[in-house]
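Visitor: To convert, take the position in the sequence shown, counting from 1, and add 17; that gives our numbering.
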Amino acid sequence: MEKRVAVIGAGVGGLAASKACLEEGLLPFVYEKGDKIGGLWNYDGTEWTDSTGPHVYKSLVTNTSKELTAFSDFPFPEDWAPYLTHQQVLQYLHMYADHFNLRKHIQFHHEVTQIEKAWDYDVTGKWLVHVESDGLQKEETFDYVIICTGFFSKAAIPSYPGLENFGGIVIHSNQYRTHDKFVDKNVLVVGNSFSAGDVAVDVSTYSKQVYLSMRDGCFVFPKRGAGGWPIDVVTNTRWRLSLPEWLNRMIFQRFLEKDVNYEALGLKTKRKLFHSKVIANDFILNQIIHGKVKTRPGIKMFFDHGVEFEDGTRLEDVDAIVFGTGYALTTPFISDDILSDDIETREVYKYILPARLKHNTLACVGLLAFHGSAIPGLELQSRWATRLFRGDLVPPRLPEILGSIEAQRQAMYDRFGKHGIWVTTAYYCDDLAADIGCLPSLLSLAFSDPVLALHMLLSPAVPPTYRLVGPKSWNGAREAVMKCWEKNISGTRGRVVESSRKESGTYLKLVILAFVLLLSALAMTYFFGIR
């Protein structure tokens with residue numbers, strides 16, 4: 018008899034989890050409180066409410082390129098551009114759900130109100146899930162539960178004196194849809210990361226003035242890197258990921274500062290690269306130079322239609338405030354003793370497995386933030402969880418788990434100066450893949466398929482890498498890895514100019530250099546691949 022799995026949410030994480038369940042012979046029951054798949058990728062222009070949840074804004078384009086954003090065995094269409102509109106991402110999720118026949122497992126307008134241990138949990142590890150639909154309550158018992166409600170449900174707005182007395186518009190970036198409300202207004206955007214930068218740029222074309230308030234500065238990542246390639250394609254090659262952090266920092270920081278005077282633009286941060294916040298936007302620097310966006314320091318207090326900053330300067334005519342200040346975890350349907358929302362005390366192994374449960378029958382997918390694309394991470398979390406449920410993956414003993422959690426918590430604090438739940442996608446995915454058994458060894462590939470090994474070393478760490486070997490491998494994975502560079506430009510190269518071939522001597526030098534890099538990377542390889 019198939020084991021039953023309750024999957025909470027039909028966003029990206031829920032789709033990945035339901036597909037992983039089917040791969041492992043488990044039967045998913047996906048509960049979605051809305052009427053659509055895709056979670057926050059749905060855009061309909063409506064105002065945000067607690068019942069609708071956060072959605073993307075109209076102008077949103079992904080910060081990560083398509084080859085690093087796709088599911089591991091379902092590539093994006095080749096004729097799509099490297100960076101994707103939210104409409105394309107949503108279309109892709111619908112294509113994914115149809116291709117793997119996931120819709121029949123989803124129950125819409127079903128909101129999970131409580132998850133608790135079943136009466137026989139101590140023996141069976143089962144869970145009781147309370148669900149509300151059309152005003153009716155019901156309870157279902159499941160062998161396993163995967164929580165996929167995401168990291169973007171609860172807005173985090175800092176507490177400031179006088180904010181309650183501010184007389185203008187006050188919203189969080191997860192409520193932002195379009196610039197319409199802000200035409201010819203003075204708008205204060207608060208924050209120093211992705212959403213704050215995007216909203217500041219989007220509003221600045223139509224507003225009277227945008228002010229960007231930051232307690233600390235940030236680095237600005239362009240979407241184009243060396244050679245005009247997408248920046249994440251260039252920075253996430255496996256040979257570069259194998260370099261020490263200090264060397265990567267030196268190389269990349271020189272690139273970021275090459276034509277940008279961060280101090281003159283009011284963006285200079287006190288923290289070093291990879292320890293600081295980041296805005297990924299190609300237009301923010303121009304808008305600052307053009308005077309459409311003016312940087313300001315952190316906020317001291319608000320008053321009726323104004324704000325006083327930490328340096329004592331004031332603005333007297335602010336019409337609206339948009340907080341791009343991040344998100345807070347929330348899982349209100351499960352008790353804190355099972356899964357705490359307090360990131361300083363929560364104990365979740367590899368951000369998936371609550372540490373102190375008697376049975377490993379509950380998992381989290383997507384309750385963290387990614388530095389990089391989320392989709393590959395959510396997929397590997399789902400594969401990790403379902404392998405765990407099947408007994409094919411055995412976690413360490415509790416003392417080792419708690420030690421790992423504490424080490425991760427301390428490392429996060431040391432890096433960013435505060436507690437958080439962020440991971441770098443490439444390193445995190447490799448770690449999960451090693452546990453699953455789907456991380457290829459470059460050393461083994463160097464002998465069995467040297468062309469692929471060389472390509473993997475010099476290419477970005479694309480998700481199909483995790484379908485080359487191990488459980489649930491995919492026949493199309495090798496081709497997807499080999500063609501990842503070509504597919505990055507296939508959607509933009511509408512006009513092809515015949516190029517002259519490289520001289521054979523130059524080509525030979527490049528091949529020799531590549532093999533030297535391969536040997537260097539192999540020297541850094543341990544256990545089951547590059548970490």
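Note that beta-carbon positions come from the ideal geometry of N, C-alpha and C, so glycine has one too.
Straight-line CA distance for residue 480 to residue 246?
Guide: Translated into the one-based positions of the sequence shown, residue 480 becomes position 463. Translated into the one-based positions of the sequence shown, residue 246 becomes position 229. Cα to Cα, the separation comes out at about 18 Å.
Visitor: Which one or two residues does DSSP pair with residue 149 in a beta bridge?
Guide: For this step, residue 149 is matched to residue 132 along the sequence shown. According to DSSP, residue 149 bridges with 128, 154.
Visitor: If I follow the unbroken beta strand (DSSP E) through residue 186, where does it start and stop?
Guide: The residue labelled residue 186 in the question sits at position 169 within the sequence shown. Looking at the DSSP string, the run of the beta strand (DSSP E) that includes residue 186 is 186 to 189.
Visitor: Quick one: give me the first and last residue of the alpha helix (DSSP H) that residue 549 is part of.
Guide: Absent from the model: residue 549. The displayed extent of the chain is 18 to 548, so no value can be given.
Visitor: Provide the residue(s) that pair with residue 226 in DSSP beta bridges, ordered along the chain.
Guide: As a first step, residue 226 is located in the sequence shown; it is residue number 209 there, counting from the start. Per DSSP, 203.
Visitor: Using the C-alpha atoms, what's the distance from residue 40 back to residue 310?
Guide: Residue mapping note: residue 310 aligns to position 293 of the sequence shown, counting from 1. Residue mapping note: residue 40 aligns to position 23 of the sequence shown, counting from 1. C-alpha separation (whole angstroms): 49 Å.
Visitor: Are the C-beta of residue 434 and some C-beta of chain B separated by less than 7 Å?
Guide: You won't find chain B in this structure, because it holds only one protein chain.
Visitor: What does the Cβ neighbour count give for residue 140, buried or exposed, with the cut at 16 atoms within 10 Å?
Guide: Position 123 of the sequence shown holds residue 140. With fewer than 16 Cβ atoms within 10 Å of its Cβ, residue 140 is classed as exposed.
Visitor: On the DSSP bridge assignment, give the partners of residue 295 in chain order.
Guide: Translated into positions along the sequence shown, residue 295 becomes position 278. DSSP output for residue 295 lists 236 as bridge partner(s).
Visitor: Note down the Cα distance separating residue 37 from residue 253, rounded to an integer number of angstroms.
Guide: Translated into positions along the sequence shown, residue 37 becomes position 20. Translated into positions along the sequence shown, residue 253 becomes position 236. Each residue's alpha carbon lies about 26 Å from the other.
Visitor: Would residue 224 and residue 183 qualify as a contact pair, given that the criterion is a beta-carbon distance under 7 Å?
Guide: Counted from its first residue, the sequence shown places residue 224 at position 207. Counted from its first residue, the sequence shown places residue 183 at position 166. Result no, Cβ atoms of residue 224 and residue 183 do not sit closer than 7 Å.
Visitor: Need the endpoints of the beta strand (DSSP E) that residue 439 sits in, please.
Guide: As a position in the sequence shown, residue 439 is number 422, starting the count at 1. Element bounds for residue 439: 439 to 441.
Visitor: Go ahead and pull the three-state DSSP assignment for residue 323.
Guide: As a working mapping, residue 323 is identified with position 306 in the sequence shown. Residue 323 falls in the strand class under three-state DSSP.
Visitor: Got a sec? Which residues, its chain only, sit under 8 Å from residue 521 by beta carbon, not counting five neighbours each side?
Guide: On the sequence shown, residue 521 is found 504 positions in, with the first residue counted as 1. Legend: pLDDT at residue 521 = 44, less than 50; position of this residue unreliable, no value from coordinates given.
Visitor: To the nearest angstrom, report how far apart residue 267 and residue 352 are at their CA atoms.
Guide: The residue given as residue 267 occupies position 250 in the sequence shown. The residue given as residue 352 occupies position 335 in the sequence shown. Cα-Cα distance, rounded: 45 Å.
Visitor: Apply the 10 Å Cβ neighbour rule to residue 24 and answer buried if 16 or more other Cβ atoms are within range, or exposed otherwise.
Guide: Within the sequence shown, numbered from 1, the residue matching residue 24 stands at position 7. Buried is the call here.
Visitor: Would you mind working out which of 426, 58, 84, 81 sits nearest residue 73, comparing C-alpha positions?
Guide: Residue mapping note: residue 73 aligns to position 56 of the sequence shown, counting from 1. Nearest option by C-alpha distance: 58.
Visitor: In the structure shown, what three-state DSSP assignment does residue 514 receive?
Guide: By 1-based counting over the sequence shown, the position of residue 514 is 497. Note: residue 514 maps to coil in three-state DSSP.
Visitor: So what's residue 159 in DSSP terms, helix, strand or just coil?
Guide: Taking the first residue of the sequence shown as 1, we reach residue 159 at position 142. DSSP places residue 159 in strand when its eight states are reduced to three.
Visitor: Touching or not, the segment 268 to 279 and the segment 229 to 242, by the rule of three or more beta carbon pairs under 8 Å?
Guide: Counting Cβ pairs under 8 Å, three or more are found: they touch.
Visitor: Which first and last residues belong to the beta strand (DSSP E) in which residue 501 is found?
Guide: As a position in the sequence shown, residue 501 is number 484, starting the count at 1. First-last for residue 501: 501 to 506, but that is the alpha helix (DSSP H), not the beta strand (DSSP E).
Visitor: Hey, residue 570 and residue 214: beta-carbon distance below 7 Å or not?
Guide: Since the first residue of the chain shown is 18 and the last is 548, residue 570 is not available in this structure.
Visitor: Taking only three categories from DSSP, how would you classify residue 21?
Guide: The residue you call residue 21 lines up with position 4 of the sequence shown. Note: residue 21 maps to strand in three-state DSSP.
Visitor: Have a look at residue 43 and residue 379 and give me their C-alpha separation to the nearest angstrom.
Guide: Locating residue 43 in the sequence shown gives position 26, where the first residue counts as 1. Locating residue 379 in the sequence shown gives position 362, where the first residue counts as 1. For residue 43 and residue 379, the distance between alpha carbons rounds to 14 Å.
Visitor: Since residue 370 sits in a beta bridge, which residues does DSSP pair it with?
Guide: The residue given as residue 370 occupies position 353 in the sequence shown. Residue 370 is bridged to 366.
Visitor: Only counting the same chain, and skipping five residues up and downstream in sequence, which positions put a Cβ closer than 8 Å to that of residue 391?
Guide: As a first step, residue 391 must be located in the sequence shown, where it is residue number 374. Same-chain partners within the cutoff: 29, 383, 442.
Visitor: Just how far apart, CA to CA, sit residue 173 and residue 189?
Guide: As a working note, residue 173 is residue 156 in the sequence shown. As a working note, residue 189 is residue 172 in the sequence shown. Using only the alpha carbons, I get a separation of about 8 Å.
Visitor: Can you grab the Cα-Cα spacing for the pair residue 419 / residue 227, in whole Å?
Guide: Indexing the sequence shown from 1 puts residue 419 at position 402. Indexing the sequence shown from 1 puts residue 227 at position 210. About 45 Å.
Visitor: Using the C-alpha atoms, what's the distance from residue 476 back to residue 525?
Guide: Stepping through the sequence shown from its first residue, residue 525 is reached at position 508. Stepping through the sequence shown from its first residue, residue 476 is reached at position 459. Confidence at residue 525 is low in this model, with a pLDDT of 46, below 50, so its placement is unreliable and the value that follows should be read with caution. Rounded to whole angstroms, residue 525 to residue 476 spans 18 Å at the Cα level.
Visitor: Going by beta carbon distance, what residues of the same chain come within less than 6 Å of residue 364, once the five residues before and after it are set aside?
Guide: By 1-based counting over the sequence shown, the position of residue 364 is 347. Around residue 364: 372, 422.
Visitor: Where does residue 314 fall in DSSP's three states?
Guide: If you number the sequence shown from 1, residue 314 lands on position 297. In this structure, residue 314 counts as coil in the three-state DSSP scheme.
Visitor: Can you give me the C-alpha to C-alpha distance between residue 544 and residue 487, rounded to a whole angstrom?
Guide: The count along the sequence shown starts at 1 and reaches residue 544 at position 527. The count along the sequence shown starts at 1 and reaches residue 487 at position 470. In this prediction, residue 544 scores a pLDDT of 41, lower than 50, which makes its location untrustworthy; the coordinate-derived value is nonetheless stated afterwards. Straight-line Cα distance between these residues: approximately 15 Å.
Visitor: Touching or not, the segment 215 to 222 and the segment 353 to 363, by the rule of three or more beta carbon pairs under 8 Å?
Guide: These segments do not touch.
Visitor: Can you give the Cα-Cα distance for residue 87 and residue 327, rounded to whole angstroms?
Guide: As a working note, residue 87 is residue 70 in the sequence shown. As a working note, residue 327 is residue 310 in the sequence shown. Taking the straight line from one Cα to the other gives about 43 Å.
Visitor: Counting pairs of Cβ atoms below 8 Å between the segment 91 to 100 and the segment 488 to 507, do you hit three or more?
Guide: As far as the Cβ criterion goes, the segment 91 to 100 touches the segment 488 to 507, which means the pair count is three or higher.
Visitor: From the DSSP output, which residues share a beta bridge with residue 344?
Guide: On the sequence shown, position 327 is the one that residue 344 refers to. For residue 344, which the question treats as bridged, DSSP gives the partners 172.
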